[in-house]
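J.: My questions all concern the structure below.
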Amino acid sequence: KARLTAALLGSGSSARSLQLLQQGRIQQSPAELWLSPGATAELNCSISDTPWRANWYREKPDGSLERIYWSTAASKQNGKYSGTVRARGIFSLSISNVQREDSGYYYSAVKQGQKKVPLHLEP
Numbered sequence: 001k002a003r004l005t006a007a008l009l010g011s012g013s014s015a016r017s018l019q020l021l022q023q024g025r026i027q028q029s030p031a032e033l034w035l036s037p038g039a040t041a042e043l044n045c046s047i048s049d050t051p052w053r054a055n056w057y058r059e060k061p062d063g064s065l066e067r068i069y070w071s072t073a074a075s076k077q078n079g080k081y082s083g084t085v086r087a088r089g090i091f092s093l094s095i096s097n098v099q100r101e102d103s104g105y106y107y108s109a110v111k112q113g114q115k116k117v118p119l120h121l122e123p
């Protein structure tokens, strides 16, 4: 099975919000998903005090970040990644046909705030 676990950057395993600019906050859901290979993962991100767009990143094995998706109202599918803007500051990222090589941490980010979501696939 594939396991998708959400965690917040800088907060370890606790589920606290991270400050974004002055009053803004990022909230990531779900906290955890269990998936079989071939399934679709959906990550949700709610960012208050933000424009109509957010970046989605994947952490590569060397620790660098790769931007995999830019969520806007006009965004289109990018390979296995697609996104939706549900309302201002509410974004989702879908990862289709998840496989072991999709394991890693996924971030939603805007300006100074970000969240990290680890995606782990078990044998």
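Once you know that position 120 of the sequence shown is 120 in the UniProt record's numbering, the rest is easy, because the numbers rise by one and skip nothing. The beta-carbon is built from N, C-alpha and C at its ideal position, and this holds for glycine as well.
1) Buried or exposed for L21, going by 16 or more other Cβ atoms inside 10 Å?
2) Hey, is I90 close to the ligand ADP, as in C-beta under 7 Å from one of its heavy atoms?
3) Within 10 angstroms of its Cβ, does W56 collect 16 or more other Cβ (buried), or is it exposed?
4) Less than 8 Å between the C-beta atoms of A39 and V98, yes or no?
5) Looking at the structure shown, is E122 part of a helix, part of a strand, or coil, going by DSSP?
6) Mapping DSSP to helix, strand and coil, what is R100?
7) For A39, write down the residues that DSSP places opposite it in a beta bridge.
8) Which of the three DSSP states is assigned to Q77 in this structure?
9) Below 8 Å between beta carbons: does that hold for G104 and L119?
10) What separation, rounded to the nearest whole angstrom, lies between the Cα atoms of I90 and R58?
11) Nearest to residue 139 by alpha carbon, out of E66, C45, Y106 and S96?
12) State the DSSP-derived secondary structure class of residue 126, mapped to helix, strand or coil.
T.: Let me lay it out:
1) Here the question's residue 21 lines up with position 21 in the sequence shown. Note that L21 scores 33 on pLDDT, short of 50, meaning its location in the model is unreliable; the coordinates nonetheless yield the value given after this. Exposed, since its Cβ has fewer than 16 Cβ neighbours within 10 Å.
2) Among the components modelled here there is no ligand, and therefore nothing to report on the ligand ADP.
3) Along the sequence shown, read from residue 1 onward, the residue named residue 56 stands at position 56. Burial call: buried.
4) Along the sequence shown, one-based indexing puts residue 39 at 39. Along the sequence shown, one-based indexing puts residue 98 at 98. Contact annotation: A39 and V98 have beta-carbon atoms nearer than 8 Å.
5) As a working note, residue 122 is residue 122 in the sequence shown. Shown here, E122 sits in coil according to DSSP, grouped into three states, outside any helix or strand.
6) Residue 100 sits at position 100 when you count from the first residue of the sequence shown. It is helical.
7) As a position in the sequence shown, residue 39 is number 39, starting the count at 1. Bridge partners of A39: none, in fact.
8) Working through the sequence shown from its first residue, we reach residue 77 at position 77. If DSSP states are grouped into helix, strand and coil, Q77 belongs with coil.
9) Taking the first residue of the sequence shown as position 1, residue 104 is located at position 104. Taking the first residue of the sequence shown as position 1, residue 119 is located at position 119. Yes.
10) Within the sequence shown, numbered from 1, the residue matching residue 90 stands at position 90. Within the sequence shown, numbered from 1, the residue matching residue 58 stands at position 58. Rounded to whole angstroms, the gap between the alpha carbons of I90 and R58 is 19 Å.
11) Since the displayed the chain opens at 1 and closes at 123, residue 139 lies outside it and no answer follows.
12) In the structure as shown, the chain starts at 1 and stops at 123, and residue 126 therefore has no counterpart that could be examined.
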